[in-house]
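In mature numbering (1 follows the signal peptide of the UniProt record, and there is no 0), the protein residues as written are -27 to -1, 1 to 300. Structure first, then comments.
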């Protein structure tokens, strides 16, 4: 026979609950209680790695605890990201996600091992930077229109990118949708080789990040056809956007954002987001990073989630219409 709880039992349970809540609150107030690992799901030296190391230093300074960057590259950013999704939701394991790992892969990979909107806590959009459509300097095309005509005349042109599922590939697919251009994707494992081959004329087109190509374009080693974003970039101030060339609704801007595992306590999310937002207005950071092509953001978690929902849906439509796949 089950005994009914006495007043003493109820009081004891209430004390336990209060103590537990107080312990949780203290744990959050004491955050971080150990080293924070900021996972970069790509290799060292990548744009994501560069930004993550700058932000790790700022987080460490503001939180008063050690923040280390750990590179866990592989499978288009999913290996490192999955590890964070499976980690304890205590704010000590975070990931610097990207347009590829947390947007494009959702539709490009048939067996992506996580659900971005369910398995992660979006903390803040951290930065974005544009891709640029560049060509061999001897290619007889200086505008998107001329490039489309040349591709038709030659029965198609190849465009190189940093790999399958990259923002460069989807930018090319979007260009095909908007213009009907006959373009064939050539993914490279090493973007440096893709750039070398474009300069040498072995492949006529490369689509990659402005920070990596701007100096080569300025020195005349290749030509810029368009900055694939709504607005021009200070790194290539004379290079027009697709809209300026008569192509509407075109944005292939790459981005990076900070995520934790799902169920990350709101108090920790808010604290991290506040640090990112403050950093985005600090000229000591914005100045040097803008020279590398980064625009810092610092959006709140709700706005970041809305951005993710729209971005995932946008690239899913492109993938569906083009049949692009990572498999």
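Ideal Cβ positions, reconstructed from N, Cα and C, are used throughout, including at glycine.
Pick from the options that is closest to residue i, judged by C-alpha positions
{"i": "residue 15", "options": "94, 44 and 192", "result": "44"}
{"i": "residue 147", "options": "186, 226 and 209", "result": "226"}
{"i": "residue 42", "options": "231, 238 and 274", "result": "231"}
{"i": "residue 37", "options": "5, 25 and 28", "result": "5"}
{"i": "residue 129", "options": "282, 115, 120 and 135", "result": "120"}
{"i": "residue 150", "options": "3, 292 and 216", "result": "292"}
{"i": "residue 72", "options": "66, 98 and 91", "result": "98"}
{"i": "residue 199", "options": "9, 23 and 108", "result": "108"}
{"i": "residue 243", "options": "273, 266, 256 and 220", "result": "273"}
{"i": "residue 84", "options": "51, 111, 137 and 93", "result": "51"}
{"i": "residue 238", "options": "96, 137 and 46", "result": "96"}
{"i": "residue 135", "options": "260, 217 and 160", "result": "160"}
{"i": "residue 115", "options": "178, 92, 290 and 10", "result": "178"}
{"i": "residue 110", "options": "66, 47, 12 and 197", "result": "197"}
{"i": "residue 17", "options": "8, 53 and 31", "result": "53"}
{"i": "residue 102", "options": "137, 298 and 270", "result": "270"}
{"i": "residue 203", "options": "132, 105 and 185", "result": "105"}
{"i": "residue 290", "options": "67, 68 and 77", "result": "77"}
Rounded C-alpha distance that separates residue i from residue j
{"i": "residue 172", "j": "residue 189", "result": "9 Å"}
{"i": "residue 87", "j": "residue 180", "result": "28 Å"}
{"i": "residue 145", "j": "residue 156", "result": "8 Å"}
{"i": "residue 183", "j": "residue 21", "result": "14 Å"}
{"i": "residue 139", "j": "residue 194", "result": "24 Å"}
{"i": "residue 264", "j": "residue 207", "result": "8 Å"}
{"i": "residue 223", "j": "residue 61", "result": "39 Å"}
{"i": "residue 250", "j": "residue 27", "result": "14 Å"}
{"i": "residue 254", "j": "residue 29", "result": "16 Å"}
{"i": "residue 55", "j": "residue 268", "result": "27 Å"}
{"i": "residue 220", "j": "residue 192", "result": "28 Å"}
{"i": "residue 266", "j": "residue 79", "result": "26 Å"}
{"i": "residue 49", "j": "residue 248", "result": "28 Å"}
{"i": "residue 236", "j": "residue 39", "result": "23 Å"}
{"i": "residue 277", "j": "residue 70", "result": "12 Å"}
{"i": "residue 174", "j": "residue 124", "result": "15 Å"}
{"i": "residue 166", "j": "residue 23", "result": "20 Å"}
{"i": "residue 210", "j": "residue 283", "result": "28 Å"}
{"i": "residue 13", "j": "residue 126", "result": "43 Å"}
{"i": "residue 47", "j": "residue 74", "result": "10 Å"}
{"i": "residue 9", "j": "residue 65", "result": "4 Å"}
Those residues which DSSP pairs with residue i across a bridge
{"i": "residue 227", "result": "102"}
{"i": "residue 10", "result": "41 and 66"}
{"i": "residue 109", "result": "195"}
{"i": "residue 307", "result": "Lying before the first or after the last residue shown, residue 307 is absent from the chain, which here runs from -27 to 300."}
{"i": "residue 94", "result": "233"}
{"i": "residue 115", "result": "DSSP lists no partner for residue 115."}
{"i": "residue 132", "result": "158 and 178"}
{"i": "residue 269", "result": "100"}
{"i": "residue 71", "result": "229"}
Residue i, buried or exposed, once every other Cβ within 10 Å from all chains shown has been counted against 16
{"i": "residue 294", "result": "exposed"}
{"i": "residue 142", "result": "buried"}
{"i": "residue 63", "result": "buried"}
{"i": "residue -4", "result": "Confidence at residue -4 is low in this model, with a pLDDT of 41, below 50, so its placement is unreliable and the value that follows should be read with caution. Classification for residue -4: exposed."}
{"i": "residue 296", "result": "exposed"}
{"i": "residue 246", "result": "buried"}
{"i": "residue -7", "result": "Low local confidence applies: a pLDDT of 42 at residue -7 is under 50, so the model's placement there is unreliable, and no value is given."}
{"i": "residue 163", "result": "exposed"}
{"i": "residue 34", "result": "exposed"}
{"i": "residue 153", "result": "exposed"}
{"i": "residue 212", "result": "buried"}
{"i": "residue 100", "result": "buried"}
**Request:** Within the stretch 134 to 220, note down every full beta strand (DSSP E) run reaching 3 residues or more, in order along the chain.
**Result:** 156 to 160, 178 to 182 and 195 to 200
**Request:** Identify every run of the alpha helix (DSSP H) within the stretch 236 to 300, keeping only runs that are complete inside it and at least 4 residues long; order them along the chain.
**Result:** 239 to 252, 256 to 263 and 274 to 295
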